[in-house]
Amino acid sequence: MVKIYATYVATDNSAGDAQVLGAAGRDVYVRRIIFGLPADSKVFNLYNKRVAPGHVSGMGSVSVTDAVLQITQPTAAAGKDWVTNVDLTDSPIQVDGGSFHTDITDTTVIWEYVDEAKE
19 MVKIYATYVA TDNSAGDAQV LGAAGRDVYV RRIIFGLPAD SKVFNLYNKR
69 VAPGHVSGMG SVSVTDAVLQ ITQPTAAAGK DWVTNVDLTD SPIQVDGGSF
119 HTDITDTTVI WEYVDEAKE
């Protein structure tokens with residue numbers, strides 16, 4: 019049976035540890051990222067690591083050592099063509115456990131365990 023999971027973060031989580039996706043020692047496929055309320059210069063980091071440490075100074079000071087994807091929303095000067103949906107269904111990103119930091123309000127990551135995935 020294929021199980022798809024959704025992990026939601028309501029607001030900025032950069033001061034603490036990253037939001038964990040899968041269990042320790044299990045790879046996951048990230049299939050979709052949805053930004054509910056994107057805004058100028060807001061950032062999303064996806065890590066190839068189950069727990070990435072945050073920083074009290076926010077997203078600008080969070081380590082990106084294990085980041086495999088970073089999305090920075092454009093500003094008004096760039097036309098405000100904000101990203102609201104990143105569809106990775108056909109080319110998912112595989113991460114070790116996986117976690118993410120974001121300062122984008124209402125962010126949802128859709129994912130599944132690699133060993134349970136329907137190829």
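Counting from 1 along the sequence shown, just add 18 to a position and that's the residue number in this note's numbering. Where a beta carbon is used, it is the ideal one built from N, C-alpha and C, also for glycine. Computed from a predicted model, the values in this text were never measured in an experiment.
| query | Start and end of the beta strand (DSSP E) containing L106? | reply | No beta strand (DSSP E) contains L106, which DSSP labels as neither H nor E.
| said: Please identify the residue among G72, F118, Q37, R44 whose C-alpha is closest to the C-alpha of E134. | reply: R44
| Starting from S117 and walking both ways along the beta strand (DSSP E), at which residues does that stretch end? | 117 to 120
| said: What ranges does the alpha helix (DSSP H) occupy inside the stretch 26 to 78, keeping only unbroken runs of at least 4 residues that lie completely in it? | reply: none
| message | Using only the alpha-carbon positions, how far apart do V113 and Q88 sit? | response | 14 angstroms
| Three-state secondary structure (DSSP) at I133? | Before going further, note that residue 133 is Asp rather than Ile in the sequence given. The answer is helix: DSSP assigns D133 an H, G or I state.
| Alpha carbon of V20 to alpha carbon of D35, nearest angstrom | 28 angstroms
| request: Mind checking who A85 pairs with in its DSSP beta bridge? | output: Y65
| query | Short check: CB of Y65 to CB of A85, under 8 angstroms? | reply | yes
| task | Would you mind stating whether F53 and V101 have Cβ atoms separated by less than 8 angstroms? | result | yes
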